[in-house]
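Take the position in the sequence shown, starting the count at 1, then add 100; the result is the number in the numbering used here.
For each residue, glycine too, the CB sits at the ideal point set by N, CA and C.
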Amino acid sequence: MRAKVVANAHLGRLDEARTELGRMLALYPGLTIATWRAFAGTPFAPELVELYVAGLRLAGLPEE
101 MRAKVVANAH LGRLDEARTE LGRMLALYPG LTIATWRAFA GTPFAPELVE LYVAGLRLAG
161 LPEE
């Protein structure tokens, strides 16, 4: 789901990214950029984390 949000956002398909983000937030209502960063900091390369953060921001995920 995260990958779909991020990919659509980076491709400029913001409506699709936001729709999918809404689905994701229904499953994980407390999700923010900060909580995702804390989760992703260890298992993912820093470059991938930044790519995801940028896409999640474009889709409208709140910072905190």
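CB-CB under 8 Å to residue i, same chain, minus the five flanking residues each way: which ones, in chain order?
i: residue 118; result: 159, 160
i: residue 162; result: 132, 133
Taking the C-alpha atoms as reference points, what is the distance between residue i and residue j?
i: residue 142; j: residue 136; result: 11 Å
i: residue 139; j: residue 109; result: 21 Å
i: residue 102; j: residue 134; result: 15 Å
i: residue 120; j: residue 164; result: 19 Å
Going by other Cβ atoms of all chains shown within 10 Å of its Cβ, with 16 needed for buried, is residue i buried or exposed?
i: residue 112; result: exposed
i: residue 155; result: buried
i: residue 127; result: exposed
i: residue 148; result: exposed
Rounded to the nearest angstrom, how far is the Cβ of residue i from that of residue j, given a contact under 8 Å?
i: residue 151; j: residue 106; result: 7 Å
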